[in-house]
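Asks: Here it is, the structure in full.
Residue numbers (full-length UniProt numbering): 1 to 324.
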């Protein structure tokens, strides 16, 4: 345990350097940066929701530059085709054969901008890539590079001309991070700052190979048996809210799947790791919980009619389930 603690303390310094590099391109947005780091250190995909102009794209680009990862931004539009993501086979008349031209998914970090603007057939192509880390072009299947991380954005306000994400695809995202407006002090700092660093000015901190080592280190963060039971109790309560006497339990139509249990444990490990600790505390689980659960709990029409939000239900969940 002592050896792991020392390794985590050393790795924590590296992570802080990544934070500072990303911080060159934006002011504040600590929750967004933490969410991106959580996805990076676990291999989990992240859904980012926020209005335009909150530096979502800048943060993702800076993160990719800091870890020397191949980055590609894909603007999702209604006329996008699956081949625009995966690639296609092109016929060459001179040699009378087909050559495969790989698409933008063959990169380490993918920014799927406004993901809900593409039709379901395009979303299905992305779904295969997210779940299987492979794509099919013609009759052949190709493995995607490692690491492979999808960071998708969507605008919560403008819903005209959008295609709601299928529940199966939403569940594939480890986290759903809500990006808030900056505080008054942060906005004043943005105004005072004459310029922000370009992506080319971001100094690389680690390589993709180093990142694999950090992932292994995160997996070694200790989770006590009682805390594992606490995680299971939380997820179980979303499906059986009467077990913990939740006040808003009757508004839940469908609870979280077992995938949420796995992702909550992983996110809690990263939260502890980012704090420089080799063990998980109940507070780590509470901090990681909302981002893991907010897109997995489906509310009833009654909840919509009474203007009960998922955020209220998640808060009630953590208040109702007893901490060991």
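From the three backbone atoms N, C-alpha and C, an ideal C-beta is built for every residue, glycine too.
1. May I have a chain-ordered list of the alpha helix (DSSP H) segments no shorter than 4 residues that lie completely inside the segment 100–180?
2. Pick helix, strand or coil for residue 312, following the three-state DSSP scheme.
3. List the DSSP bridge partners of residue 75.
4. Leaving out the 5 sequence neighbours to the left and right, which residues in its chain are closer than 7 Å to residue 247 when beta-carbon positions are compared?
5. For residue 224, which of helix, strand or coil comes out of DSSP?
6. Keeping to the same chain, check which residues put their C-beta closer than 6 Å to that of residue 47; ignore five residues upstream and five downstream.
7. Considering only their Cβ atoms, is the gap separating residue 205 from residue 313 smaller than 8 Å?
8. Report, in whole angstroms, the separation of the C-beta atoms of residue 36 and residue 15, which I expect to be a contact under 8 Å.
9. Going by DSSP in three states, residue 253 sits in which element: helix, strand or coil?
10. Under the three-state reduction of DSSP, which class applies to residue 92: helix, strand or coil?
11. Mapping DSSP to helix, strand and coil, what is residue 298?
12. What separation, rounded to the nearest whole angstrom, lies between the Cα atoms of residue 85 and residue 104?
13. Just the C-alpha distance for residue 109 and residue 218, rounded to the nearest angstrom, thanks.
14. List the DSSP bridge partners of residue 97.
15. Please name the residue, chosen from 318, 27, 136 and 114, that lies closest to residue 237 on a Cα-to-Cα basis.
16. Are the Cβ atoms of residue 289 and residue 227 separated by less than 8 Å?
17. Is it the case that the Cβ atoms of residue 27 and residue 190 are separated by a distance below 8 Å?
18. Tell me which residue opens and which closes the beta strand (DSSP E) that residue 46 is part of.
19. Where residue 55 and residue 95 are concerned, what is the direct C-alpha to C-alpha distance, given to the nearest angstrom?
20. With DSSP run on the structure shown, which of helix, strand or coil describes residue 35?
21. Looking at residue 137: is its Cβ nearer than 8 Å to the Cβ of residue 111?
Replies: In terms of the structure at hand:
1. 120–132 and 167–172
2. helix
3. 113
4. 316
5. coil
6. 152, 173 and 176
7. no
8. Not confirmed; about 12 Å, so no contact.
9. strand
10. strand
11. strand
12. 6 Å
13. 20 Å
14. 92
15. 318
16. no
17. yes
18. 45–49
19. 47 Å
20. helix
21. no
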